[in-house]
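Have a look at the structure below, then the notes.
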Amino acid sequence: MQLSLANKYRPQTFDSMIGQQHIIGILKAKMQSNRDSLQNYLLTGPRGTGKTTSARILAKAINCLDPQDGNPCNHCVNCQTINENKTLDYVEIDAASHTGVDNIREEILDKALYPPTVLKKKIYVIDEVHMLSKGAFNSLLKTIEEPKGNVCFILATTEIQKVPDTIVSRCQTFLFRKVSEQEIADHLEEICKTEGFEYEKDALQLIAMISDGGVRDSIKYLDQVSILGKITTDNVSKFLWIVSEVTIKNFLALIKKRDKKLIFDEIDRLNEQGIDLFQFAKQVIGLLDKHLLEDTAFYLSIAEVFSGILRQVRYYPYPAVVFKMELWKILNDGESSDEMLSTSIEQPQPAPKKPEKPEKSEKKKPEKSNASPSSPAQEDWDTWVQVLQTLPEGTLKSNLTQHAILENISNGTAKLVVTNKIAQISLQKQENKAEIEKKLSEITGETTVLEISFESKEAYFARNLGI
Ligand SMILES: [Zn+2]
């Protein structure tokens, strides 16, 4: 069986890990000085940054019969037993899986009471520990509260804020960081050399950027692209559904020229090609950042627009429309003064103020830049994203994510536009509506009711684009 690159290059010692020097130094020193005074560890940080890999290396280092400067030797019987998963003294459990949660008490906590049979110390690695139920956390707490001297827990999580304080305070915590693009690109270059891959340095940089600080993902991508032969930016773009730097530069040039038609055509073209528009927005921001000094004022204003796009596009049913709506705002900015004037004349005049009423008590509202009537304020948008995130996976959640758009939340009413009949029917169910209203009320801190209206997709787009 051919080993995937990610497995082949999974670090086996602390020294071969990438980008976590601040943690590795401490762990190695600890393994060299007082390896026998056991404690529990909590490893936290973004996905793919080496938490479970470190947990395994740490387990070996604790048990190794021939440690090398704090690193495990990977040759002694204890190291090999762990590498080959041959003993019940070393257990890895994924709390995100059902079996993980169901079995935690019988499989781990009860057995932790007995001394190890083969290894020097029993090691339990619980991955994604934040997924444990309240009951399981309580049992875990009881177990780690009474240290046995020969049992060690290594907990790993991407979401430390969901781990109870009582657990966190009983562990030595290590914060893993996203690995820099340069470190990842350098690492990929090493792998290319070892594997004999032909590569372009820019292609490796592109993979590094897309991997967003995760080494494991970057190697996985490299593995996939290598199937096409040479690692070129073209092949990376093709395989990972992303665009080349040239495409982005051309796109920015169109924005600079304010050529609305060509800009919108290009967005449609990318969308139809299956380009991941979320990644595209990230790529644009990355490129603007890299070349910021070349055209600072323009790039900064575009970066602001794309930050707005990025915030919305992941949860919005029609990413291409988000692009158009947000770009529309900036494309209409600073039009000729005649046009500006006629726009302002067309706007309804505010009702005249009563002269006797003093103005100073009025609450100052943050100014909204010429937002289209339907684009929600950032705060409302954040609330909506929170609601979507807390809904259980299922039809309701996918309907809302794909076919519903929040217009705004004010005075205890959340206005929702639904663009699909089935989604509308699902929302008319009293229990579904009640569930969302409950979540909205919890997040906003006031009783919030849903006001649902139906609008066809076409009508919605037309209204929002002002056409
Ligand atoms: Zn060893």
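Each residue of the sequence shown is one higher than the one before, starting from 30 at the first, in our numbering.
Don't be surprised by glycine CBs; every beta carbon is placed ideally from N, CA and C.
Source: prediction; values computed, not measured.
Can you name the residues that DSSP bridges to residue i?
i	result
residue 202	71
residue 437	444
residue 327	Its beta-bridge partners do not exist; DSSP assigns none.
residue 479	443
residue 153	120, 182
Kindly indicate which residue of the options has the alpha-carbon position closest to the one of residue i.
i	options	result
residue 344	55, 427, 311	427
residue 134	153, 144, 148	153
residue 38	186, 253, 443, 216	216
residue 137	110, 159, 164, 172	172
residue 308	282, 324, 340	340
residue 73	354, 419, 202, 88	202
residue 337	408, 417, 224	408
residue 179	210, 143, 169, 452	143
residue 356	198, 261, 295, 255	295
residue 464	453, 474, 479	479
Excluding five sequence neighbours on each side, which residues of the same chain lie with their C-beta closer than 6 Å to the C-beta of residue i?
i	result
residue 155	122, 124, 184
residue 476	441, 470
residue 189	73
Using DSSP with H/G/I as helix, E/B as strand and the rest coil, what is residue i?
i	result
residue 442	strand
residue 98	coil
residue 293	helix
residue 197	helix
residue 241	coil
residue 226	coil
residue 192	coil
residue 215	helix
residue 147	coil
residue 256	coil
residue 320	coil
residue 48	coil
Around the Cβ of residue i, are there at least 16 other Cβ atoms within 10 angstroms (buried) or fewer (exposed)?
i	result
residue 214	buried
residue 146	exposed
residue 328	buried
residue 321	exposed
residue 228	buried
residue 272	buried
residue 331	buried
residue 83	buried
residue 51	exposed
residue 251	buried
residue 53	buried
Output needed for residue i: all residues of its chain with C-beta closer than 8 Å, excluding positions within five of it in sequence on either side, in chain order.
i	result
residue 287	360
residue 95	102, 104, 105
residue 482	444, 445, 446, 447
residue 455	424, 425, 428, 461
Would you verify that the beta carbon of residue i is, or is not, closer than 7 Å to some beta carbon of chain B?
i	result
residue 77	Given the protein chain composition of this structure (a single chain), no chain B is represented.
Excluding the 5 residues preceding and the 5 following residue i in the sequence, name in chain order all residues of the same chain whose CB lies nearer than 7 Å to its CB.
i	result
residue 266	272, 273
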